[in-house]
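With the sequence shown counted from 1, adding 1369 to any position gets you the working numbering. Backbone N, C-alpha and C define an ideal beta-carbon position, used for all residues, glycine too. I have placed the structure first, in the form of structure tokens, so that the comments after it can refer back to it.
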Amino acid sequence: MGPIVSEITDRYRKGDPLSRSVLVTGGNRGIGLAIARAFADAGDKVAITYRSGEPPEALTQAGCLAVRCDITDTEQVEQAYKQIEEKHGPVEVLIANAGITKDQLLMRMSEEDFVSVLDTNLTGTFRVVKRANRAMLRAKKGRVVMISSVVGLLGSAGQANYAASKAALVGFARSLARELGSRNITFNVVAPGFVDTDMTKALTEEQRAGIVEQVPLGRYAQPEEVAATVRFLASDDASYITGAVIPVDGGLGMGH
Ligand SMILES: NC(=O)c1ccc[n+]([C@@H]2O[C@H](COP(=O)([O-])OP(=O)(O)OC[C@H]3O[C@@H](n4cnc5c(N)ncnc54)[C@H](OP(=O)(O)O)[C@@H]3O)[C@@H](O)[C@H]2O)c1
């Protein structure tokens, strides 16, 4: 029996609904794409948002719904949810993954660079989480996973805007975990270290080597390694976990 079939059989055995409506923001590439694939492989109904270009054919061929949406625009978020609800029903699992960097040393960082990173990574997450919660409250269940970063707690020179936005997600998620725990909605944070995606391809070879030297496991993560943790947090096995910050960082952030 293949892994997908045995997984589906397992879920039948546990009496779980076979397929949930899952939304992954920024699911067209990098970590978001790996997360979308992981849920789709497990038999969930997956919708992704993408902001630019076209969604990968492999995802749309696998039956995933791709919706164009810039999470800095509340109206686009609303329209995206309407499309998803029409096709897959209310979102039961939300993965707030979309994020950007605009790295610069403080003295050279413009207010625009600071505000736009916060608007995408923090306020953008607020927009999609708030909209998802409407249906989750009605259903009296829901799973929300936010993608933060090891640098949110560790700090990173040249990334004050990014680190501030990622640290803020922890306070945001933990507040919601307290506010909505009684409604059976969990809010957790995954804090990846350095992952092999377009975001880190922007680094020079020298910067990459310097980072790897500090990682106890001595390598970058693959997006699939982050996706596996996200899927766990959305699974029944994580039913009593909320307000947690789970590092997937090869040991880089230990103690923070
Ligand atoms: N790579 C790492 O080492 C690393 C480490 C820790 C945390 N993270 C976090 O993990 C998440 C994914 O990172 P990644 O490495 O996969 O990044 P990536 O390859 O640069 O992809 C970023 C994704 O976010 C989307 N996005 C950005 N701004 C958006 C907006 N305003 N509205 C809607 N979508 C938007 C992008 O859409 P477009 O394709 O349209 O631009 C893309 O799908 C981010 O939150 C990032 O901060 C990454």
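Burial state of residue i, where buried means 16 or more other Cβ atoms lie within 10 Å
| i | result |
| --- | --- |
| LEU1621 | buried |
| ARG1507 | exposed |
| THR1470 | buried |
| MET1623 | exposed |
| TYR1450 | buried |
| ARG1389 | buried |
| LEU1475 | exposed |
| ARG1406 | buried |
| SER1534 | buried |
| GLY1422 | exposed |
| THR1317 | Lying outside 1370 to 1625, the shown extent of the chain, residue 1317 is not represented and no answer is given. |
| GLY1521 | buried |
| ARG1600 | buried |
| ALA1427 | exposed |
| ALA1571 | exposed |
| ALA1431 | exposed |
Beta carbon of residue i nearer than 8 Å to that of residue j
| i | j | result |
| --- | --- | --- |
| GLY1612 | ALA1546 | yes |
| THR1418 | GLY1396 | yes |
| VAL1359 | THR1598 | Coverage of the chain is limited to positions 1370 through 1625, which leaves residue 1359 absent and any answer about it impossible. |
| LYS1414 | VAL1393 | no |
| VAL1462 | GLN1452 | no |
Rounded separation between residue i and residue j - CA only
| i | j | result |
| --- | --- | --- |
| GLY1524 | ASP1488 | 19 Å |
| ARG1380 | ALA1603 | Unreliable positioning characterises ARG1380 in this predicted model, as indicated by a pLDDT of 46, which lies under 50. The coordinate reading is nonetheless provided below. The alpha-carbon atoms of ARG1380 and ALA1603 are separated by roughly 13 Å. |
| LYS1456 | ALA1590 | 33 Å |
| SER1485 | GLY1550 | 31 Å |
| GLY1527 | GLY1401 | 24 Å |
| THR1441 | GLU1593 | 26 Å |
| ARG1577 | GLY1511 | 37 Å |
| TYR1609 | ALA1596 | 20 Å |
| PHE1408 | VAL1581 | 29 Å |
| VAL1614 | ALA1467 | 18 Å |
| ARG1500 | ALA1536 | 22 Å |
| ASP1606 | GLN1448 | 32 Å |
| ASP1385 | GLY1579 | With a pLDDT of only 47 at ASP1385, under 50, the local geometry of the prediction cannot be trusted, and no value is derived from it. |
| ALA1542 | ALA1504 | 18 Å |
| ALA1529 | GLU1575 | 21 Å |
| HIS1625 | GLY1562 | 12 Å |
| PRO1616 | THR1566 | 17 Å |
| GLN1445 | CYS1438 | 5 Å |
| ARG1477 | THR1443 | 30 Å |
| VAL1519 | VAL1584 | 11 Å |
| PRO1424 | SER1479 | 32 Å |
| GLY1399 | THR1569 | 10 Å |
| PHE1495 | GLU1548 | 14 Å |
From the options, residue whose alpha carbon lies closest to that of residue i
| i | options | result |
| --- | --- | --- |
| GLN1473 | ARG1552, ASP1482 and MET1623 | ASP1482 |
| CYS1433 | MET1623, LYS1509 and ALA1411 | ALA1411 |
| VAL1564 | SER1544, MET1478 and LEU1586 | LEU1586 |
| ARG1588 | ASP1618, ASN1553, GLY1458 and VAL1391 | ASP1618 |
| ILE1464 | GLU1582, VAL1497, GLN1452 and ILE1615 | VAL1497 |
| PHE1556 | ALA1529, SER1517, ALA1533 and ALA1571 | SER1517 |
| ILE1404 | VAL1514, ALA1536 and VAL1614 | VAL1514 |
| ILE1554 | GLU1447, VAL1436, ASN1502 and GLY1458 | ASN1502 |
| ALA1532 | MET1568, ASN1490, ASP1605 and GLN1583 | ASN1490 |
| LYS1509 | GLN1583, VAL1460 and VAL1584 | VAL1460 |
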